[in-house]
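The sequence shown maps to residues -21 to -1, 1 to 238 in mature numbering (1 follows the signal peptide of the UniProt record, and there is no 0).
In what follows, a single structure is set out as structure tokens and then discussed.
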Amino acid sequence: MRKTALVALFSILFTATGAWAGESTSAFPSPEIPEFTSCKQLVLVITKNWQAVPGAVWRFERADEHSPWKKVGGKIPVVVGRNGLAWGKGLNPPVDLPGPHKKEGDGKSPAGMFRLSSAFGLAEPNEAKNVKLPYQPLSDLIECVDDVQSIHYNSIVDRSKVDKVDWNSSEKMREVGEQYRWGVVVDHNVNPRVAAGGSCIFMHIWKDAKTGTSGCTAMSRENMEKLLPWLNPADHPVLVQLPESEYNKLHKDWQLPKP
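Now the structure itself:
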């Protein structure tokens, strides 16, 4: 009864305000979040602890929200941020669990539940026909803004289409090279965008199996080329990324499968 009452209360608050009122300590995903209830594709990343750089990813799919998750393929090695993980801002309400919280420039990848919204890469659109997510080819003018003072903070923009360039810092994405041959945008800190909350979070190709990222989740090109065509916007793909200890605490309440 207590769990039911809590879920009902959170649902009322979310519906009435469009955001979570105050600091919630719930570990339950809101039933009002369509990306959770309608999610049919799950990308699950688990690391050994908050500081670990190596991790593993598993893919799962289901027919609908009432069906069990089924594993797709095997375990894929990944690396996360060079300083590990930290709680991010995604689909799940805040959780009352220990751990660091992500900030701009901390070298940590976000932990939590995040929508996978679009893709990008070095290939032209006609070479990316197997990519189902909305796809952005990277020209020399495509940048991801990490200037916390900019109104475009944590956004991928085409410099030629911006009325006023108000940033002093950005990632010129094409210059990253082969690590961005294929990438997926992770919707971290997007609704709303909080200044200094962390920006430009992606899944992409790694430098190697030991080198951490600035905050992204990376894997081999071979595995990225398996993951990307599988992701389908019609199935509302979601990334869940957690240290093992937090996964063990949350997997039942979040209805996550066991890898």
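C-beta atoms are modelled at their ideal positions from N, C-alpha and C, and glycine is treated no differently.
> Taking the runs of the beta strand (DSSP E) that are 3 residues or longer, which of them lie wholly in the stretch 28 to 84?
Replying inline: 33 to 40, 49 to 58, 64 to 66
>> For a test of the three-state rule: what should DSSP assign to R200, helix, strand or coil?
In response: helix
> Thinking C-alpha only, which one of T192, L64, V144 is nearest S224?
Replying inline: L64
>> Taking the beta strand (DSSP E) that K151 belongs to, which residues open and close that run?
In response: 149 to 151
> On the three-state DSSP scale, how would you describe E106?
Replying inline: helix
> Just reading off the beta strand (DSSP E) that Y114 is part of, what are its end residues?
Replying inline: 114 to 116
>> Using only the alpha-carbon positions, how far apart do R160 and D145 sit?
In response: 28 angstroms
> By how many angstroms is the C-alpha of L218 removed from the C-alpha of L207?
Replying inline: 13 angstroms
> Buried or exposed: T190, going by 16 or more other Cβ atoms within 10 Å of its Cβ?
Replying inline: Taking a 10 Å sphere around the C-beta of T190, we find fewer than 16 other C-beta atoms and assign the residue as exposed.
> Per DSSP, what kind of secondary structure is P212 in: helix, strand or coil?
Replying inline: P212 falls in the helix class under three-state DSSP.
>> Do A98 and L120 count as a contact pair if the criterion is CB distance below 7 angstroms?
In response: no
>> DSSP three-state label for T16, please.
In response: helix
> Between N211 and S129, what straight-line distance do the alpha-carbon atoms span, to the nearest angstrom?
Replying inline: 31 angstroms
>> With three or more beta-carbon pairs closer than 8 angstroms as the criterion, would you say the stretch 30 to 49 touches the stretch 168 to 177?
In response: By the criterion of at least three beta-carbon pairs nearer than 8 angstroms, the stretch 30 to 49 is not in contact with the stretch 168 to 177.
>> Closer than 8 angstroms is the cut-off here; do at least three beta carbon pairs connect the stretch 139 to 158 with the stretch 78 to 85?
In response: no
> Relative to the alpha-carbon of V165, which residue among A188, G194, M152, V155 has its alpha-carbon at the smallest distance?
Replying inline: G194
> Can you give the Cα-Cα distance for R94 and G53, rounded to whole angstroms?
Replying inline: 22 angstroms
> Excluding five sequence neighbours on each side, which residues of the same chain lie with their C-beta closer than 8 angstroms to the C-beta of Q30?
Replying inline: N62, G63
>> On the criterion of 16 or more Cβ atoms from any shown chain inside 10 Å, does H45 qualify as buried, or is it exposed?
In response: exposed
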